[in-house]
Amino acid sequence: QVNLEYLSRVVFAADGWAFPDTLVGTDSHTTMVNGLGVLGWGVGGIEAEAAMLGQPLTMLIPPVVGLRLSGRLNEGATATDLVLTIAELLRRHGVVGKFVEAYGPGLAELPLENRATIGNMAPEYGATCVIFPVDDATLAYLRFTGRDDEHVAVVEAYTKEQGMFARPDDPEPVFTEKVELDLSTVEPSLAGPARPQDRVRLADAKAGFRQALTETPGRADDSLHTQPAPGGDAGEITDGHVVIAA
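First residue of the sequence shown: 1, per the numbering used here; consecutive thereafter.
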């Protein structure tokens with residue numbers, strides 16, 4: 001969060017040079033910064049120490065999967081519902097060790113906070129990162145979080161000059177692979193009983209709960225039987241009860 005709101009510059013300018021901001025961090029959810037158009041992901045401690053000492057990080061150029069977004073979220077659908085849907089979609093497609101880049105007309109319908117949420121969940125998708133392009137929403141967020149107007153102007157000028165600024169009339173980008181998501185198909189959802197990508201529609205939660213009880217590996221049939229509550233005088237505790245420690 002501090003990267004989004006304060007530290008990240010999107011474009012660095014120094015000694016007459018301008019270049020894109022990047023980030024590596026020792027937390028797997030460093031990927032949140034990709035919502036701001038800053039390429040970043042989590043690394044191990046040794047890699048982070050090397051970077052702190054001025055050493056470059058080397059890597060093979062990964063495949064890049066284009067995530068084409070269209071439509072807009074319906075009323076009642078949240079960013080959480082969206083990331084669970086994306087987790088299901090990208091896990092099914094297979095994005096381990098790959099970069100994912102969001103594009104398409106649906107970008108205009110996503111505030112930067114939602115983009116950051118999508119980027120934050122990249123480890124759950126299996127992707128190295130999910131990056132969003134710089135656009136008008138990015139510039140507005142930079143101003144909203146107190147970046148000075150001169151720097152925002154540099155970000156806008158540089159990204160437009162380099163062809164990195166997203167516009168509605170941009171030609172279709174070329175990617176290694178592509179997947180599509182219509183935002184209007186996103187429904188209120190719950191994370192699955194074991195993994196985030198095992199998405200459960202909220203409307204199916206009751207049936208899904210009973211199914212998980214009977215089909216979860218490692219659960220014996222007698223695990224569904226009721227058990228006496230501690231003390232024996234407070235009824236019985238069954239699967240589905242919510243217990244609060246006093």
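Heads up, the beta-carbon is just placed ideally off N, CA and C, and yes, glycines get one too.
None of these values were measured; they are calculated from a predicted model.
Given a cut-off of 7 angstroms, decide if residue j and residue i are closer than it, judged by their beta-carbon atoms.
i, j, result
"Gly-37", "Leu-23", "no"
"Gly-119", "Asn-3", "no"
"Leu-7", "Val-179", "no"
"Val-83", "Thr-117", "yes"
"Tyr-158", "Leu-112", "no"
Roughly how many angstroms lie between the CA atoms of residue i and residue j, to the nearest whole one?
i, j, result
"Glu-215", "Gly-208", "10 angstroms"
"Ala-191", "Val-134", "30 angstroms"
"Ala-166", "Gly-44", "32 angstroms"
"Gly-240", "Thr-80", "23 angstroms"
"His-93", "Met-32", "21 angstroms"
"Phe-144", "Glu-236", "53 angstroms"
"Ala-18", "Glu-109", "30 angstroms"
"Gln-211", "His-151", "54 angstroms"
"Glu-49", "Ala-153", "33 angstroms"
"Gly-97", "Thr-238", "42 angstroms"
"Asp-148", "Val-200", "43 angstroms"
"Thr-176", "Thr-128", "15 angstroms"
"Met-164", "Thr-30", "22 angstroms"
"Arg-115", "Pro-193", "25 angstroms"
"Pro-63", "Gln-197", "21 angstroms"
"Ala-51", "Met-59", "13 angstroms"
"Val-243", "Arg-195", "23 angstroms"
"Leu-57", "Glu-47", "7 angstroms"
"Gly-25", "Gln-162", "26 angstroms"
"Lys-160", "Glu-172", "17 angstroms"
"Leu-53", "Phe-132", "29 angstroms"
Could you tell me how far apart the beta carbons of residue i and residue j are, in whole angstroms, since I believe they sit closer than 8 angstroms?
i, j, result
"Ala-27", "Val-10", "It is worth fixing the name first, because residue 27 is Asp in this sequence and not Ala. Going by Cβ atoms, the distance from Asp-27 to Val-10 rounds to 20 angstroms, so no, they are not a contact pair."
"Met-121", "Ala-87", "6 angstroms"
"Ser-70", "Asp-182", "5 angstroms"
"Ala-102", "Val-65", "Rounded, the Cβ-Cβ distance is 10 angstroms, inconsistent with contact."
"Gly-16", "Arg-72", "At roughly 42 angstroms, the Cβ-Cβ gap does not stay under 8 angstroms, so Gly-16 and Arg-72 are not in contact."
Nearest to residue i by CA position, among the options, is which residue?
i, options, result
"Val-155", "Ala-13, Glu-180, Gly-66 and Pro-56", "Ala-13"
"Leu-202", "Ser-189, Gly-126, Gln-211 and Pro-56", "Ser-189"
"Ile-61", "Val-242, Lys-206, Val-100 and Gly-16", "Val-100"
"Asp-170", "Glu-177, Gly-104 and Asp-149", "Gly-104"
"Gly-42", "Ser-184, Leu-84 and Glu-124", "Glu-124"
"Glu-75", "Ala-116, Thr-185 and Ile-46", "Thr-185"
"Leu-90", "Pro-111, Gly-126, Tyr-141 and Ala-153", "Gly-126"
"Thr-85", "Glu-187, Ile-244 and Val-242", "Glu-187"
"Asp-136", "Pro-173, Pro-168 and Gly-146", "Pro-168"
"Glu-5", "Val-242, Gly-146 and Ile-46", "Gly-146"
Does any C-beta atom of chain B lie closer than 7 angstroms to the C-beta of residue i?
i, result
"Val-10", "Any reference to chain B falls outside this structure, which holds one protein chain only."
Note down, one range per segment and in chain order, each beta strand (DSSP E) of at least 3 residues found wholly within the segment 133-198.
177-182
Which runs of the beta strand (DSSP E) spanning at least 3 residues fall entirely within the segment 85-139, listed in chain order?
99-103 and 129-131
If we require 4 or more residues per run, which alpha helix (DSSP H) segments fall completely within the segment 7-94?
You should have 45-52 and 79-93.
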